[in-house]
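With the UniProt record's numbering, the residue at position 126 of the sequence shown is 126, and numbering never jumps. Cβ coordinates follow ideal geometry from the N, Cα and C atoms, glycine included. Here the structure is a predicted model, which is why all the values come from computation and not from measurement. Notes follow the structure.
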Amino acid sequence: MKYDSSTPYGLSWAGYTTVQEAYSWDPVTVLSRPDGTQGLVTEAQVAGVEAPLWSDRAYSPSTSLPTSLDQFPAPAVYLDFMTFPRLPALAETAWSPALAKDWRSFRARLAAHGPRWTHQGIGFFRSKEIAWP
1 MKYDSSTPYG LSWAGYTTVQ EAYSWDPVTV LSRPDGTQGL VTEAQVAGVE APLWSDRAYS
61 PSTSLPTSLD QFPAPAVYLD FMTFPRLPAL AETAWSPALA KDWRSFRARL AAHGPRWTHQ
121 GIGFFRSKEI AWP
């Protein structure tokens, strides 16, 4: 899904997925009764998480069918933009207990990666939620 309305790739039929929403995702909560009163699994029963990346809308603008091959970015450009910085958010969800997660702390730690990613040539989405240096 798109990060926000300015995202050139992806769709928004299920809403936007901001970095904070990716970070706040909790598999135990998702696997709860519809009314939220009881989890169907415990945190210990969750074996892991996954982050599928769909490429069926890997062109710009992704809201209509492409009319030219020029609308398709290089695969690495699409991959970098759509996975960074959401992938580190999901990774922390995977390895951290829910009670240990802290959005404010994560934002600061994530921002520190911006210069590294830039130096490595990773074309990440510069979310306005993060105070990038």
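If you draw a straight line from the C-alpha of residue i to the C-alpha of residue j, how long is it?
i, j, result
"Asp56", "Thr67", "15 Å"
"Ser60", "Phe125", "15 Å"
"Ala108", "Ala131", "7 Å"
"Gly121", "Val19", "20 Å"
"Lys101", "Glu92", "8 Å"
"Ser24", "Trp103", "8 Å"
"Gly15", "Tyr78", "19 Å"
"Gly114", "Ser127", "11 Å"
"Pro133", "Met1", "26 Å"
"Leu40", "Thr29", "9 Å"
"Pro52", "Ser105", "26 Å"
"Asp80", "Ala94", "20 Å"
"Gln71", "Leu11", "15 Å"
Which residue from the options puts its Cα closest to that of residue i?
i, options, result
"Trp13", "Pro34, Thr63, Ser24, Val49", "Thr63"
"Ala44", "Asp26, Ala58, Leu87", "Asp26"
"Leu90", "Ser105, Lys128, Gly48, Ala111", "Gly48"
"Ala54", "Val46, Thr29, Tyr9", "Contrary to the premise, residue 54 reads as Trp rather than Ala in this sequence. Checking every option, the nearest Cα to that of Trp54 belongs to Tyr9."
"Ala58", "Pro88, Thr7, Ala94, Arg33", "Thr7"
Here's the rule I'm using: 16 or more other beta-carbon atoms within 10 Å means buried, otherwise exposed. How should residue i be labelled?
i, result
"Asp35", "exposed"
"Leu110", "buried"
"Ala76", "exposed"
"Asp4", "exposed"
Using a Cβ-based criterion (distance less than 7 Å to any ligand heavy atom), does residue i qualify as near the ligand COA?
i, result
"Arg107", "No copy of the ligand COA appears in this structure; indeed no ligand is present at all."
Where in the UniProt domain "Glycoside hydrolase family 20 catalytic" (5–97) do unbroken runs of the alpha helix (DSSP H), each at least 4 residues long, occur, reported from the N-terminal end onward? Counting whole runs of 4 or more residues, the UniProt domain "Glycoside hydrolase family 20 catalytic" (5–97) contains the alpha helix (DSSP H) stretches 19–24, 27–30, 75–83, 86–95.
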